[in-house]
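**Student:**
Residue numbers (the numbering used here), protein chains in the order written: chain A, 29 to 483; chain B, 1098 to 1666.
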């Protein structure tokens, strides 16, 4: 016999679909089948039982090989490494639950670390623009129930958020949108004809990195002013056509992704997009939503926000103040300038996504990677601590791309002895407290002063 | 557990009727008691003022819009000279922010001022997990949160058809799902209209598509509230907030309460709480002839015993406005051109966030400030009048001490009034200069302790110093025989000499002693109603068709509120 778990939340992308059904064996050890998920989501569940899973921490030896160690040894190593560092970096957080993020933030405050999440190389530019101009937004259910004009700008949900279009944006039939796709006009703006562009009613192909100019042209036309015959590879006629479509709608939604946040102009592109949406509200209702990537990158920012007041790049290294200065306290900049002297990579893969110079620094300083899987980061680390997989082996709160929190579900037991992220951080924090007490010091700065004096 | 006796303080407490009498207050096992043993720790309060822990009936301290404010206003952490972002006391955590402080700063600053309980004023039900996560992380103070119902599709349908039983069953279900405390109603109908970029400006404007009027919504919600015997009354933010001439809409909204009587077993005597009434007491036809109508509004409130209000007093600071009144925030953003944040929530509400500078050099801001003081000064019944800043909308809660000082010291407020650039115009447009009243310490204890406790249905355990009540006690360095004035009075309220929360000493000389010294509790209301198949059918259908989350994933499960105080009705 098998058991079916319903309403399972898919912890892969920011869409955070919550209607999966997972069949597990009676003893809740093995996943047999997954329904309703996209191909990526299904694999997230099915791969768990694959052979080769790391189930005990691995410490790098002087000869470069890894040796299995106990969790106690790993926790002791982590606590000492963090205390000895003047400014450790805690990077990642986007693929774990909010409880673990909260426990990790406690550890970072104790050890004087910099907390940064994946937004720093992703929607950080959106956050900077929001800090400059605000953000008119809504929940995804509002889009489903009301939106009759959808713009996808520099994003490709057909591949990156596979069920986004069917659950929220293009196909669903909502309260005021009973006709589903037939009642909506879909506009896709991209420099390539993506699979999302293929399902759009209007595809606006632009020259790469001309986003700012084109949004500016949209705003100009919206205000009834003249524009040149062609802007960024788009004929003026096309721009006017798009504006007519938008103005005739009742509810406009702009979804944007990396194609807008990381082309030339970055946060200024988003700034311009936000103001475009703001302008559109003079004619109709308009909102925008960032296509957040990892399933809980939003939650990482939320927790940091209510605890220290900033969505990312938060420097606690002075132990008495929280600082946020993007460009200075952001991970890539800290690593490239060699300003951090230890690194914890948690629930993310720094080495796979950061510029080479940053990764090189990470590999040269003491680094601990906390991740259920083997990744490029684990292979460059001094210590790899495996943990349970959130949403599969442990529950906890995660935030969808529209900031809606959803409690994820445990489906099967983690391999025997494997800790979850929250417990791991709590135990490292406890070990830090013990070391401080053993040395008769109050905090990390006194500990550093003491060991410097002793050496 | 430790015993404490606070000796020889001047006690102000409406529950026991003490008006500055020199008396002892005893605490044991987290409760106020008649007497303690000889081993009790003695706190000498000679020449000091002793009151129960305060309650904030309306404050925005947790949830999605508060956190959007924190996210998008890094500048709020960079103010100099305001102890904004730093570790302030030796054992506490790093604090941050001025108008939208972090959860740690929120808990610590409220405790330093002697507050024991906060009511988070607007919780969008879909985001209630977020609200509860922040409440869980806020140290020391007890909290509760009110879900919003004034723009809820279920309620529109039930109330339009007069199905009060169904409305009650739905509200009861929703309070259980969200671990909510009562019925909040923000801009009834207007926030739904905002989903199409529209608004409801009077109590008779029908809601687009749903064809129900704000008046019907308010009346229906009051009926539902009394049918359920909820501890708190309907908590209303009426239509047309912030616009010149809106006092007429306010009076129209208040008049709806005339037909109702309170129905509960928890000592509540009101059926409608109108919140931040300062924002709703404006006369004039535009910003040019903008004037105070606080007297007209308060005259009506004074003669209507079913109504309670809180003030929403302006503190003349740079702050961050945030409300479930989405259309208002859009208009405010269009007015001041500062960053506009907006979140519409499916089937439930809208909301918005805009920074705002209450600049003393601007006539309108000064008039707003004056109205915020006139409201409590015109109040005939302090038990139905609560002092708030609608934190952070009219000013941050950390300005309560300054607000108290303005209300208790005529010279202090008049000095400020006369210092304004447009003082003559402000005086012409307001009543403040003519008012001589100074609020007494006893009246203050009613407005900040016994009053809110009664209005919230918590008078059995909070807001007083009678034996058996929770041992929340604040001691201030204020000698009623020789009262400080102005800024000194302000400082005395800002840093309590001692604050005991549930019988534990958490603050001494304005210093929070431990990072997380007591078990803080989350209050919510479990209203029992007969099983209602129609409502469960409607809920199933709406979740299947229109929500973006599954019904099975909607509930706030227990671990979001680890220490619950459940009020069963």
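Glycine residues also receive a C-beta, built at the ideal position from the N, C-alpha and C atoms.
The structure presented is a predicted model; accordingly, all values stated were derived computationally and were not measured.
Return the chain-ordered list of same chain residues with a C-beta closer than 6 Å to the C-beta of residue 7 of chain A, the five sequence neighbours on each side being excluded.
**Tutor:** The question about residue 7 of chain A has no answer here: the residues shown for chain A are numbered 29 through 483.
**Student:** Buried or exposed, going by whether 16 or more other CB atoms sit within 10 Å of the CB of residue 1659 of chain B?
**Tutor:** Residue 1659 of chain B comes out exposed.
**Student:** Does any residue of chain A have a CB that is nearer than 8 Å to the CB of residue 1441 of chain B?
**Tutor:** It does: the Cβ of residue 1441 of chain B has a partner Cβ on chain A nearer than 8 Å.
**Student:** Look at the Cβ atom of residue 411 of chain A, then the Cβ atom of residue 102 of chain A, and state whether they are nearer than 8 Å.
**Tutor:** Result yes, Cβ atoms of residue 411 of chain A and residue 102 of chain A sit closer than 8 Å.
**Student:** With a Cβ-Cβ cutoff of 8 Å, do residue 1685 of chain B and residue 1622 of chain B count as a contact?
**Tutor:** This structure gives no information on residue 1685 of chain B, because the portion of chain B shown stretches from 1098 to 1666.
**Student:** Restricting to runs no shorter than 4 residues, where is the alpha helix (DSSP H) found entirely within the stretch 110-185 of chain A?
**Tutor:** Correct list: 126-139, 152-161, 168-174.
**Student:** Per DSSP, what kind of secondary structure is residue 1462 of chain B in: helix, strand or coil?
**Tutor:** Residue 1462 of chain B falls in the helix class under three-state DSSP.
**Student:** Counting only Cβ pairs nearer than 7 Å, list the residues of chain A close to residue 1199 of chain B.
**Tutor:** Per Cβ cutoff of 7 Å: 334, 335, 336, 337.
**Student:** If I measure Cβ to Cβ from residue 361 of chain A and keep anything under 7 Å in the same chain, skipping five residues before and after, which residues do I get?
**Tutor:** Within the same chain, residue 361 of chain A has close Cβ partners 355.
**Student:** Return helix, strand or coil for residue 1188 of chain B, following the three-state DSSP convention.
**Tutor:** Residue 1188 of chain B: coil per DSSP, three-state reduction.
**Student:** Return helix, strand or coil for residue 1453 of chain B, following the three-state DSSP convention.
**Tutor:** Correct three-state label for residue 1453 of chain B: strand.
**Student:** I'd like to confirm the pairing. Which residues does DSSP put opposite residue 508 of chain A in its beta bridges?
**Tutor:** Nothing in the structure corresponds to residue 508 of chain A, since chain A is present only between 29 and 483.
**Student:** Mapping DSSP to helix, strand and coil, what is residue 53 of chain A?
**Tutor:** Residue 53 of chain A falls in the strand class under three-state DSSP.
**Student:** Within the chosen definition, does the stretch 1190-1209 of chain B reach the stretch 367-383 of chain A through at least 3 CB pairs nearer than 8 Å?
**Tutor:** The answer is no - the stretch 367-383 of chain A does not touch the stretch 1190-1209 of chain B, with fewer than three Cβ pairs under 8 Å.
**Student:** Using CA atoms only, rank isn't needed, just tell me which of B:1664, B:1655, B:1631 is closest to residue 1265 of chain B.
**Tutor:** Checked all of B:1664, B:1655, B:1631; the closest Cα to residue 1265 of chain B is B:1631.
**Student:** Answer with yes or no whether the minimum CB distance from residue 1273 of chain B to chain A is below 8 Å.
**Tutor:** Answer no: the Cβ-Cβ gap between residue 1273 of chain B and chain A never drops below 8 Å.
**Student:** Going residue by residue through the stretch 1323-1358 of chain B, where are the continuous alpha helix (DSSP H) segments of at least 4 residues, counting only ones entirely within it?
**Tutor:** Listed in chain order, the complete alpha helix (DSSP H) runs (minimum 4 residues) inside the stretch 1323-1358 of chain B are 1344-1352.
**Student:** From what residue to what residue does the beta strand (DSSP E) around residue 1214 of chain B run?
**Tutor:** Residues 1212-1220.
**Student:** Name, going along the chain, the residues of the stretch 1224-1253 of chain B whose beta-carbon falls closer than 7 Å to a beta-carbon of chain A.
**Tutor:** Of all residues in the stretch 1224-1253 of chain B, 1224, 1226, 1227, 1230, 1231, 1234 have a Cβ within less than 7 Å of some Cβ in chain A.
**Student:** In chain B, what lies closer than 9 Å to residue 166 of chain A by C-beta?
**Tutor:** Simply 1292, 1439, 1440, 1441, 1442, 1443, 1447.
**Student:** Could you tell me the alpha carbon to alpha carbon distance between residue 84 of chain A and residue 397 of chain A, rounded to whole angstroms?
**Tutor:** Between residue 84 of chain A and residue 397 of chain A, the C-alpha separation is close to 13 Å.
**Student:** Helix, strand or coil: how does DSSP classify residue 340 of chain A here?
**Tutor:** Three-state result, residue 340 of chain A: coil.
**Student:** Below 8 Å, how does it come out for the stretch 1473-1491 of chain B and the stretch 1154-1170 of chain B: are there three or more Cβ pairs, yes or no?
**Tutor:** Contact holds: three or more Cβ-Cβ distances are below 8 Å.
**Student:** Just to make sure I have the definition right: I need the residues of chain B whose C-beta is within less than 8 Å of the C-beta of residue 312 of chain A. Which are they?
**Tutor:** In chain order: 1294.
**Student:** Please specify which runs of the beta strand (DSSP E), each continuous and at least 3 residues long, are wholly inside the stretch 1289-1322 of chain B, giving them in chain order.
**Tutor:** DSSP runs (the beta strand (DSSP E)) wholly in the stretch 1289-1322 of chain B: none.
**Student:** If contact means a Cβ-Cβ distance below 7 Å, which residues of the stretch 1645-1664 of chain B contact chain A?
**Tutor:** Those would be 1645, 1646, 1647, 1649, 1650, 1654, in chain order.
**Student:** Return helix, strand or coil for residue 1258 of chain B, following the three-state DSSP convention.
**Tutor:** Residue 1258 of chain B: coil per DSSP, three-state reduction.
**Student:** Using only CA atoms, which one of A:158, A:282, A:208, A:449 lies nearest to residue 243 of chain A?
**Tutor:** With distances taken between Cα atoms, residue 243 of chain A lies closest to A:282.
**Student:** Thinking C-alpha only, which one of B:1494, B:1296, B:1362, B:1352 is nearest residue 1416 of chain B?
**Tutor:** The option with the nearest alpha carbon to residue 1416 of chain B is B:1494.
**Student:** Would you list, in sequence order, the uninterrupted alpha helix (DSSP H) runs of no fewer than 4 residues that lie entirely inside the stretch 1137-1176 of chain B?
**Tutor:** Here the runs fully enclosed are 1161-1169.
**Student:** According to the neighbour-count rule (16 or more other Cβ atoms, all chains shown, within 10 Å of its Cβ), is residue 61 of chain A buried or exposed?
**Tutor:** Exposed.
**Student:** For residue 1461 of chain B, I'd like the list of residues in its chain whose CB is within less than 8 Å of its CB, leaving aside the five on either flank, ordered along the chain.
**Tutor:** These residues qualify, in order along the chain: 1384, 1387.
**Student:** So, for residue 1139 of chain B: in the same chain, excluding its five sequence neighbours on each side, which residues have a beta-carbon less than 7 Å away from its beta-carbon?
**Tutor:** Cβ within range, chain order: 1102, 1104.
**Student:** Between the C-alpha atoms of residue 1325 of chain B and residue 1261 of chain B, what's the straight-line distance to the nearest angstrom?
**Tutor:** Using only the alpha carbons, I get a separation of about 10 Å.
**Student:** What's the C-alpha gap between residue 1442 of chain B and residue 1651 of chain B?
**Tutor:** Going by the C-alpha atoms only, they are around 14 Å apart.
**Student:** Out of B:1452, B:1344, B:1379, B:1391, state which residue places its alpha-carbon closest to the alpha-carbon of residue 1173 of chain B.
**Tutor:** Measuring from the Cα of residue 1173 of chain B, the nearest candidate turns out to be B:1452.
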